[in-house]
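Colleague: I am attaching a structure below and will ask some questions about it afterwards.
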Amino acid sequence: MYGPYTYGPHGRVEAITNLTFVTNKGSYGPFGVGGLDTENRFSVPVQNNGSIVGFFAPHWQKYYINGVGVYVKPFLIALPRFMHACMADPRTV
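Quick note: the sequence shown uses full-length UniProt numbering, first residue 1, plus one each step.
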């Protein structure tokens with residue numbers, strides 16, 4: 001997920017002007033208007049093959065979002081059964 005944002009009069013982020021979502025199938029967006037010419041951009045990289053499973057955004061005056069938070073599901077590696085036994089009892093190593 002990425003997009004441009006604008007600053008307000010007090011130096012705080014005032015609004016995210018559009019959002020683009022990136023998945024393993026492609027990019028979708030941008031959703032929103034404006035901000036295509038700004039140098040102020042944010043991105044939410046997900047590391048180690050994790051997945052964004054949800055997000056939330058505070059709003060300002062019911063019209064603009066001024067932040068984005070994400071919920072990430074980590075990628076888990078399944079270990080063979082004998083590895084579980086070795087990890088549970090260090091004497092078996």
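Each residue gets a CB set at the ideal place from its N, CA and C atoms; glycine is no exception.
All of these numbers come straight from a predicted model, not from anything done at the bench.
Hey, how far is the Cα of residue 24 from the Cα of residue 7?
Modeller: Rounded to the nearest angstrom, the two C-alpha atoms are 31 Å apart.
Colleague: Please determine, among 61, 1, 50, the residue with the shortest C-alpha to C-alpha distance to residue 26.
Modeller: It is 1 whose Cα lies nearest to the Cα of residue 26.
Colleague: In whole angstroms, what is the alpha-carbon distance linking residue 12 and residue 47?
Modeller: For residue 12 and residue 47, the distance between alpha carbons rounds to 27 Å.
Colleague: In the DSSP output, what is residue 18 paired with across the bridge?
Modeller: Per DSSP, 32.
Colleague: Alpha carbon to alpha carbon, what distance is there between residue 43 and residue 62?
Modeller: Taking the straight line from one Cα to the other gives about 23 Å.
Colleague: Note down the Cα distance separating residue 93 from residue 16, rounded to an integer number of angstroms.
Modeller: Caution applies to residue 93, whose pLDDT of 48 falls short of 50 and renders its modelled position unreliable; the model cannot decide the point.
Colleague: Answer with buried or exposed for residue 3, where buried requires no fewer than 16 other C-beta atoms within 10 angstroms of its C-beta.
Modeller: Buried, since its Cβ has 16 or more Cβ neighbours within 10 Å.
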